[in-house]
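S.K.: Structure in structure tokens, see below.
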Amino acid sequence: MTGDDYIRRFLFEALDIRGALVRFEHGWQEMLRGRGYGIVAQRLLGEVTVVTLLIAGQLKQPARITLQVRGRGPVGTLVVDCDQQQRVRGMAIAPDDIAEGPLSALVGDGHLVMTLQTDRSATPYQSLVPLEGDSVAEVFEHFLEQSEQQPAALWLHADGDCASALFLQKLPDADQRDADGWNRVCRLAATVTQEELASLPVDVLLGRLFADEIADGGIRVFDPSVPRHNCPRDEEKVRRLVLSLGRAEVESILAEKGELHIHDDMCNHDYRFSVSDIAQLFGDPPSALH
243 MTGDDYIRRF LFEALDIRGA LVRFEHGWQE MLRGRGYGIV AQRLLGEVTV VTLLIAGQLK
303 QPARITLQVR GRGPVGTLVV DCDQQQRVRG MAIAPDDIAE GPLSALVGDG HLVMTLQTDR
363 SATPYQSLVP LEGDSVAEVF EHFLEQSEQQ PAALWLHADG DCASALFLQK LPDADQRDAD
423 GWNRVCRLAA TVTQEELASL PVDVLLGRLF ADEIADGGIR VFDPSVPRHN CPRDEEKVRR
483 LVLSLGRAEV ESILAEKGEL HIHDDMCNHD YRFSVSDIAQ LFGDPPSALH
């Protein structure tokens, strides 16, 4: 793990405005390895990934969060899953030759599904959210404002090397502290460039964007948390899946293909079973294959 994977939260103490910076580099490159995504799918998945990390890090109780963007456009599916240790995994289903465009055109008639699974409940909480906005940032700004009843602002970046985010949220006492504080901080944040989001250290970036605010009231920057990509092989889970298919179905596939091949789309792992593997798994000799 490198120092380039972190979530750094901060607070404008004089303004009652909070924020966070996410830089996901090492883990992001692991998530992309072997995928062959086109530029657009790569960007969208990276943006949803860093937003998922942001939301997971501010949940009021430990939970696993899954965000799914689904639609009928060229980009059919974006899925990102993150647990309470900020171990994240994700995938996209999209052609590699999509042209850039607004999110509404890329996803089509789509929606956002957020699923929360806590340790306290066997039944996950699920929320269906319309895709209101022409970018991932706009969709999640609207979602966060609706769910938390406080304005939020997002600036996102993702390419093949790094996915990153700058997040701001207005807290309840902000207007009492400074009636123009929220608008002023958002105007300053909007000057951030994609290159700055992807490369500048936290203190340098905050100092460049908010120098006057730091001088007037200070920014408290909290200790980092470290997200990581985590999608290990799960041989036992796949064996259970094969057993659930039944001997007859598996032997039919073996007769046609010569092997049973299962691809884990989420983690990009391949599992292959030969005739002898299946015989061992089911515990008795296979019938004759024709």
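The opening position of the sequence shown corresponds to residue 243 in the numbering used here, with each subsequent residue numbered one higher.
Just so you know, even glycine gets a beta-carbon here, dropped at the ideal spot from N, CA and C.
Go through its chain and collect everything with a Cβ distance to glycine 261's Cβ below 6 Å, but skip five positions before and after it.
M.R.: These residues qualify, in order along the chain: Phe252, Phe409 and Leu410.
S.K.: Please confirm whether arginine 306 and aspartate 323 have their CB atoms less than 8 Å apart.
M.R.: Against a cut-off of 8 Å, the Cβ pair of aspartate 323 and arginine 306 comes out as a contact.
S.K.: Does the beta-carbon distance from valine 355 to glutamine 310 come in below 8 Å?
M.R.: Taking 8 Å as the Cβ cut-off, valine 355 and glutamine 310 qualify as a contacting pair.
S.K.: Can you give me the Cβ contacts of glycine 288 inside the same chain, cut-off strictly under 7 Å, excluding the 5 residues immediately before and after it?
M.R.: Closer than 7 Å at Cβ, skipping near neighbours: Trp270, Ala400 and Ala405.
S.K.: Does the structure place the segment 443–459 close enough to the segment 474–494 that three or more beta carbon pairs sit under 8 Å?
M.R.: No, because fewer than three Cβ pairs between the segment 474–494 and the segment 443–459 fall closer than 8 Å, the two stretches do not touch.
S.K.: Rounded to whole angstroms, what is the Cα-Cα separation between asparagine 425 and valine 434?
M.R.: Approximately 15 Å, taken between the alpha carbons.
S.K.: Exposed or buried, what is glutamate 255 when buried is set at 16 or more other beta-carbons lying within 10 Å of its beta-carbon?
M.R.: With fewer than 16 Cβ atoms within 10 Å of its Cβ, glutamate 255 is classed as exposed.
S.K.: I'd like to know if the segment 470–477 and the segment 509–516 are in contact, where contact means that at least 3 CB-CB pairs between them fall below 8 Å.
M.R.: As far as the Cβ criterion goes, the segment 470–477 touches the segment 509–516, which means the pair count is three or higher.
S.K.: What do you reckon, are the CB atoms on leucine 295 and phenylalanine 266 nearer than 8 Å?
M.R.: Contact flag set, yes.
S.K.: Using a Cβ-based criterion (distance less than 7 Å to any ligand heavy atom), does tyrosine 513 qualify as near the ligand GTP?
M.R.: This structure simply doesn't include the ligand GTP, nor any ligand for that matter.
S.K.: Does DSSP classify glycine 261 as helix, strand or coil?
M.R.: Strand, per DSSP.
S.K.: Is glutamate 383 buried or exposed, if buried means 16 or more other CB atoms sit within 10 Å of its CB?
M.R.: So glutamate 383 ends up on the buried side.
S.K.: Identify every residue that forms a DSSP beta bridge with glycine 332.
M.R.: Val322, per the DSSP bridge assignment.
S.K.: Where does methionine 243 land, buried or exposed, given buried means 16+ other C-beta within 10 angstroms?
M.R.: Reliability fails at methionine 243, whose pLDDT of 37 lies under 50, so the model's placement of it is uncertain and no value is given.
S.K.: Taking the continuous beta strand (DSSP E) assigned at methionine 356, which residues delimit it?
M.R.: Element bounds for methionine 356: 353–360.
S.K.: Would you mind sorting isoleucine 504 into buried or exposed? The rule is 16 or more other CB atoms within 10 Å of its CB.
M.R.: By the neighbour-count rule (16 or more Cβ atoms within 10 Å), isoleucine 504 is not buried but exposed.
S.K.: Am I right that alanine 341 and threonine 319 are in contact with their C-beta atoms under 8 Å? What's the rounded C-beta distance?
M.R.: Not a contact, Cβ separation roughly 19 Å.
S.K.: What is the rounded straight-line gap between the Cα of valine 517 and the Cα of glycine 276?
M.R.: Cα to Cα, the separation comes out at about 28 Å.
S.K.: Between the C-alpha atoms of threonine 365 and threonine 357, what's the straight-line distance to the nearest angstrom?
M.R.: Answer to the nearest angstrom: the Cα atoms are 10 Å apart.
S.K.: What are the start and end residues of each continuous alpha helix (DSSP H) run of 4 or more residues lying completely inside the segment 399–458, in chain order?
M.R.: Complete alpha helix (DSSP H) runs here, min 4: 416–419, 423–431, 436–441, 444–451 and 453–458.
S.K.: Can you list the alpha helix (DSSP H) stretches of 4 or more residues lying completely in the segment 450–503, in chain order?
M.R.: The segment 450–503 contains these whole alpha helix (DSSP H) runs: 453–458, 477–487 and 489–499.
S.K.: Going by C-alpha distance, which of Gln522, Gln300, Gly402 and Gln284 is nearest arginine 250?
M.R.: Among Gln522, Gln300, Gly402 and Gln284, the Cα nearest to that of arginine 250 is on Gln300.
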